[in-house]
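Enquirer: Chains as they are written, first to last, in my numbering: chain A, 31 to 409; chain B, 31 to 409.
Starting off with a structure, shown below.
There are 2 protein chains.
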Amino acid sequence: MTRQDRLGLSLVVEPGDPRLRNLLLTYEPAEILAAILGRHRLGEIRIPDAWAERGRALDRTAEIAAARAKAAGLRWVTPGDKEWPMALSDLDHVEPLHGATGAPVGLWLRGVGHLAELCEQSVAIVGARECTTYGAECASDLAADCADAGWTVISGAAYGVDGCAHRGAFMMNAPTAGVLACGADLDYPKSHGALIARIAEVGVVISEQAPGEKPLKNRFLSRNRLIAALTQGTVVIEAAERSGSLNTLNWADQLGRTTMALPGPVTSKQSLGVHAAIRAGKAVVVTRGREIIAELSGLGAVAEEQPSLPLTEFDRLPPAARSTLDGLDWAAARTVTEIASTVRLGTREVRAALDLLERRGLVLRAGAEWLLARRADVG
Amino acid sequence: MTRQDRLGLSLVVEPGDPRLRNLLLTYEPAEILAAILGRHRLGEIRIPDAWAERGRALDRTAEIAAARAKAAGLRWVTPGDKEWPMALSDLDHVEPLHGATGAPVGLWLRGVGHLAELCEQSVAIVGARECTTYGAECASDLAADCADAGWTVISGAAYGVDGCAHRGAFMMNAPTAGVLACGADLDYPKSHGALIARIAEVGVVISEQAPGEKPLKNRFLSRNRLIAALTQGTVVIEAAERSGSLNTLNWADQLGRTTMALPGPVTSKQSLGVHAAIRAGKAVVVTRGREIIAELSGLGAVAEEQPSLPLTEFDRLPPAARSTLDGLDWAAARTVTEIASTVRLGTREVRAALDLLERRGLVLRAGAEWLLARRADVG
C-alpha cells in the first residue's frame, strides 16, 4: 500500500532530501523502500548508507511514530488522499535551496481543518521572530484582512510575525494553518503550545517530520518550502538581512508564486532584508490586505487602485479659473484688472472665470471688486 | 539681443505657458516679443489678449524687475550663457502637466554657485511639508550622503523634507540649490529666510519668476518641473496621497530621469503617496544614499549590492557538516550513532563531518562522545 510505503520512506529519509525526490521521479515508493531495505535493486543506483542504516531500524521507528501519532491525534495524508494539496507537486520541479527540495512524501496533520480546502485560497504571512511592534501590528492587521476576505493565512507558528499572523486570523474567527519544523505532535516554540493548539482547533497543524522529530536548524529551511508551496503567495513582514522568511520568499519565487513584501522604516534593522528583496525585484510592495488580495487575484497594482489620486474641486476647474482663484484673496477685495495683472491672464478671461467661480460659490462680488468666498492656503 | 527679448517674454507670459513653448519651437524670442507688442505678425497666429495687455505695461514692469534684481543681487541667465544648464531643454519635448511645460525662457539666480556646474551631478530630494521626524531625519541623512559623494542636492526650500534636504547638504559643507515658486529675491516660506540666504551663500537660489512675483498655487506645480529637469533623478521622501512632491516625481518620469522613493511605515499617512508611487511602478525603492547614487549612475539595485546576504561560518560548511552540527548539543555529549540517528546521516558521514568540525574548532571530543564547542541557538 502506497500510503504505508510513503510512511516508511518518510521515516528513513530526511524530508526534503533531493536524492529521494530524484528517485521518486522514476520509481514507485514501494520499489525505493524495498531497495532501502535490501529486498530490491534500482538498476545501478546505490542506496545511501544512512538510508540503509535507518532502514534496518524501520520496524521500531514505525511503531514509535504510530504510537506518538495516535496519542496526539495525528493523521497521515499522502498523494491520492482527498486532503492532499495538489499544489505540493510543484516542488518536484524546482532546484534545491539549502539542500532541500521535492514534494513531501506525506504530511502529518493535526486539527479539524481540511488541508486541501484550506489551501485553495491561501496566503503565507511570514517574517522576523524578533519583530518590532510595527511588524507585529502589521502582521496581525494584514492577516485579519486576508482572513476576513476568505483567504487562509498559513505561517510557521514561530515567535514574532508568524504568531501575529495566526492571531490575526483568530481575530476574524477564520481558520489558519501552521507548518512546523518539528513533529506535528510537538510544540515549538514551547511557549506557543496554546497558539498551536488553537490552530488545530480552528484549522490544521502540518508537518512532514515524523511525530517526535526535533526542530533542527536545517528543518526550518526545508519547512519553509512547504509554506511557500501550500499557498498562492508569500508576504514578508520585517526580515533582517539574514532571515529565514527571505528563504520562504525565495521558495515562493522559485515556485512561481506571488512574492510580496511590506516596507517599513528604512531606519529599522528589521526591515533591511525586506527592502533588499524589494530592490532586487524579488517582491512587490504591499501595504494593505486588499493589495495582497489584488496581487493574489492577478489584478496587481494598477487595476486595483489607480494612484491617480482623488480630484479636489480645485482640480476640476478649468485652468483659467484656477489661475484666477490664485489672484484672489479672502481678506482683501480686488478689481478684475488687479487680478488679471497678478495671474497674467487677460481681463476678458478673468471676467469669464469669475462668472464661473461665482456660480460655484467660490468667489464673492463686492461692488466692482472680488473676494474669495472661503479661506484657502497657498500651495 | 536675445537675453533682453527673453527677459521681456518672461515678464509678459506666465512661465511654463505651453503656448509660448509651442511658439518658441518655431519662432525666435525677438519675433514673438515683437508680435506681443504689436510690431510684428507671426503668420496667422493670434497673440493671447493677456499677453498683449501685459505687453503694454512691459516698460514699467521691466524697470521694476531690474530695480528689484539689482537690490537683491540677482542675475538673469538664458540659453547661450555658460551657466545655463542644457538639460532644461528636455522640457521642450514633454506634454504639459497641470497646464505647464517647456524650458524656462530664462532664470533668475542669486548666490555664488555656478548653476550649470552644480547641475552636472545633481539629485532632487523632495517630500512632504508636514513630514514626520522620520521623514526629516531620512531627508537630511540621504542628502548628506549624496552631498558627501559629490552630488548637488536640489530641492524647493519648503518646510519639511525640502528644508531638511538642504540642511543635509549644509552639514557636509556642500553646495545645494533651491528652486523657488516666487521671485528669487523673495523668501518663501518667510521663516525660511535664513535657510534661503544660506543656500545662496554656498550654492544658488533659482527662479523663473520675475523678482517680486508671488508664490501662487499654480507656480508651485510649474516650479516642480524645473527641479525635475535640473537633476538626473528625483527622490521622494514622505508624500501624502495628494502631494506636490508626487508632481515632481511625475515630471522626472516624463523627462526620463531616475525616479526614486523612500519607503516608510505603512501605518503612516505621510508615506501613503510614496507607497502608491512605488506600487504603480513610478519609482524604485531606495533606502540609503549609496543606493541613490547607484541608481543615478545606472548601476541599479543588482550591481550595487547583491541581496545574497553575507555568509556565516555555518553557511560555508558542507551540508553533511551542517546537519551533523544540528545533531550535537552544548550541554550533553553524544555518540556518533546517536548523532547519525538524530540527523539521519550515515555513521561514516557523521565521522567525516566531525573530523572537519573538530579541525575548525566547532566541536569537542569527549572520549567516544562529542559536544558542541560553543553554545548555539536553533533556527
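We put the CB at the ideal spot given by N, CA and C, even for glycine.
Note that the coordinates shown come from a computational prediction; the quantities given were computed from them, not determined experimentally.
What's the gap between the Cα of residue 252/A and the Cα of residue 130/A?
Expert: If you take the alpha carbons of residue 252/A and residue 130/A, they lie about 6 Å apart.
Enquirer: Is it the case that the Cβ atoms of residue 39/A and residue 92/A are separated by a distance below 9 Å?
Expert: No.
Enquirer: Can you tell which of 135/B, 215/B, 76/B, 143/B has its C-alpha closest to the C-alpha of residue 103/B?
Expert: It is 215/B whose Cα lies nearest to the Cα of residue 103/B.
Enquirer: Residue 293/A and residue 294/B: beta carbons closer than 9 Å?
Expert: Yes, Cβ-Cβ distance for residue 293/A and residue 294/B is below 9 Å.
Enquirer: What separation, rounded to the nearest whole angstrom, lies between the Cα atoms of residue 387/A and residue 158/B?
Expert: Distance between the alpha carbons of residue 387/A and residue 158/B: 29 Å.
Enquirer: Excluding sequence positions up to five away, which residues of its chain have a Cβ less than 7 Å from the Cβ of residue 71/B?
Expert: Only 65 meet the Cβ criterion.
Enquirer: I'd like to check one pair, residue 132/A with residue 33/A: are the Cβ atoms closer than 9 Å?
Expert: Against a cut-off of 9 Å, the Cβ pair of residue 132/A and residue 33/A comes out as no contact.
Enquirer: With a cut-off of 9 Å, does the C-beta of residue 297/A fall near any C-beta of chain B?
Expert: Yes, residue 297/A lies at the interface with chain B (some Cβ there is under 9 Å from its Cβ).
Enquirer: Which residues in chain A have a C-beta closer than 7 Å to the C-beta of residue 176/B? List them in chain order.
Expert: Chain A residues near residue 176/B: none, gap ~15 Å exceeds 7 Å.
Enquirer: Below 8 Å on C-beta distance, what does residue 253/B contact in chain A?
Expert: Correct list: empty, because the minimum Cβ distance to chain A is about 10 Å.
Enquirer: Where DSSP assigns a beta bridge to residue 290/B, which residues make up the other side?
Expert: DSSP lists 265/B, 314/B as partners of residue 290/B.
Enquirer: Could you tell me which of 212/B, 354/B, 351/B, 145/B sits nearest to residue 108/B, measuring between CA atoms?
Expert: Closest option to residue 108/B, Cα to Cα, is 145/B.
Enquirer: I need the boundaries of the alpha helix (DSSP H) containing residue 279/A, first residue and last residue.
Expert: Element bounds for residue 279/A: 274-284.
Enquirer: Looking at the secondary structure, which residues open and close the beta strand (DSSP E) in which residue 185/B lies?
Expert: Residue 185/B -> beta strand (DSSP E) spans 182-185.
Enquirer: With 16 as the cutoff for other CB atoms within 10 Å, does residue 203/A come out buried or exposed?
Expert: Burial call: exposed.
Enquirer: Quick check on residue 339/A - is its C-beta less than 9 Å from some C-beta in chain B?
Expert: For residue 339/A, the predicted model reports a pLDDT of 48, less than 50, meaning its position is unreliable and no value from the coordinates is stated.
Enquirer: Who are the Cβ neighbours of residue 363/A in its own chain at under 6 Å, not counting the five residues just before and after it?
Expert: 396, 399, 401.
Enquirer: Check each candidate in 351/B, 403/B, 376/B, 346/B and name the one with the smallest Cα separation from residue 361/B.
Expert: The shortest Cα separation from residue 361/B among 351/B, 403/B, 376/B, 346/B belongs to 403/B.
Enquirer: Could I get the ranges of all uninterrupted alpha helix (DSSP H) runs contained in the segment 232-265 of chain A, with 4 residues as the minimum, in chain order?
Expert: Counting whole runs of 4 or more residues, the segment 232-265 of chain A contains the alpha helix (DSSP H) stretches 247-260.
Enquirer: When DSSP labels each residue in this structure, what does residue 174/B get in the three-state scheme?
Expert: DSSP places residue 174/B in helix when its eight states are reduced to three.
Enquirer: Look at the alpha carbon of residue 122/B and the alpha carbon of residue 307/B, and state the distance between them as a whole number of angstroms.
Expert: Cα to Cα, the separation comes out at about 25 Å.
Enquirer: What are the residues of the segment 345-376 of chain A that lie near chain B, defined by any Cβ-Cβ distance shorter than 8 Å?
Expert: Residues 349, 352, 353, 355, 356, 357, 370, 371, 372, 373, 374, 375, 376.
Enquirer: Output the distance between the C-alpha atoms of residue 411/B and residue 234/B, rounded to the nearest integer angstrom.
Expert: With chain B running from 31 to 409 in the structure shown, residue 411/B is simply not present.
Enquirer: Count the other CB atoms within 10 Å of the CB of residue 75/B; is the residue buried (16 or more) or exposed (fewer)?
Expert: So residue 75/B counts as exposed.
Enquirer: From the beta carbon of residue 294/B, is the nearest beta carbon of chain A less than 9 Å away?
Expert: Yes, because at least one Cβ of chain A sits closer than 9 Å to the Cβ of residue 294/B.
Enquirer: Mind reading off the beta-carbon distance from residue 63/B to residue 35/B? Whole number of angstroms is fine, and I expect it under 8 Å.
Expert: Right, the Cβ-Cβ distance comes to about 5 Å (below 8 Å), so this counts as a contact.
Enquirer: If you measure from the beta carbon of residue 129/A to each beta carbon in chain B, is any gap under 9 Å?
Expert: Answer yes: the Cβ-Cβ gap between residue 129/A and chain B drops below 9 Å somewhere.
Enquirer: Indicate whether the contact test is met: 3 or more Cβ pairs, each with one atom in the segment 108-120 of chain A and one in the segment 134-153 of chain A, closer than 8 Å.
Expert: Yes, the segment 108-120 of chain A touches the segment 134-153 of chain A.
Enquirer: Any C-beta of chain A sitting closer than 9 Å to the C-beta of residue 64/B?
Expert: Not one chain A Cβ lies under 9 Å of residue 64/B.
Enquirer: Taking C-beta to C-beta, are residue 182/A and residue 300/A nearer than 9 Å?
Expert: No, Cβ-Cβ distance for residue 182/A and residue 300/A is not below 9 Å.
Enquirer: With H, G and I counted as helix, E and B as strand and the rest as coil, what does DSSP make of residue 114/B?
Expert: Three-state result, residue 114/B: coil.
Enquirer: Assuming residue 281/A and residue 127/A are in contact, meaning their beta carbons sit under 8 Å apart, how far apart are those beta carbons, in whole angstroms?
Expert: Contact flag correct, Cβ pair sits at about 6 Å.
Enquirer: Would you call residue 367/A buried or exposed, if buried means 16 or more other Cβ atoms sit within 10 Å of its Cβ?
Expert: It counts as exposed.
Enquirer: Just to confirm my understanding: we take residue 337/B, look at its own chain, exclude 5 residues before and 5 after, and list those with CB closer than 6 Å. What are they?
Expert: Any reading at residue 337/B needs caution, since the residue's pLDDT is 45, under 50, leaving its predicted position unreliable; the model's value is listed next. Once the five neighbours on either side are set aside, residue 337/B has no close Cβ partner at all.
Enquirer: Indicate whether the contact test is met: 3 or more Cβ pairs, each with one atom in the segment 172-179 of chain A and one in the segment 275-290 of chain A, closer than 8 Å.
Expert: No, because fewer than three Cβ pairs between the segment 172-179 of chain A and the segment 275-290 of chain A fall closer than 8 Å, the two stretches do not touch.
Enquirer: Can you find a CB in chain E that lies within less than 9 Å of the CB of residue 379/A?
Expert: Annotation note: the requested chain E is absent from the structure, which comprises protein chains A and B.
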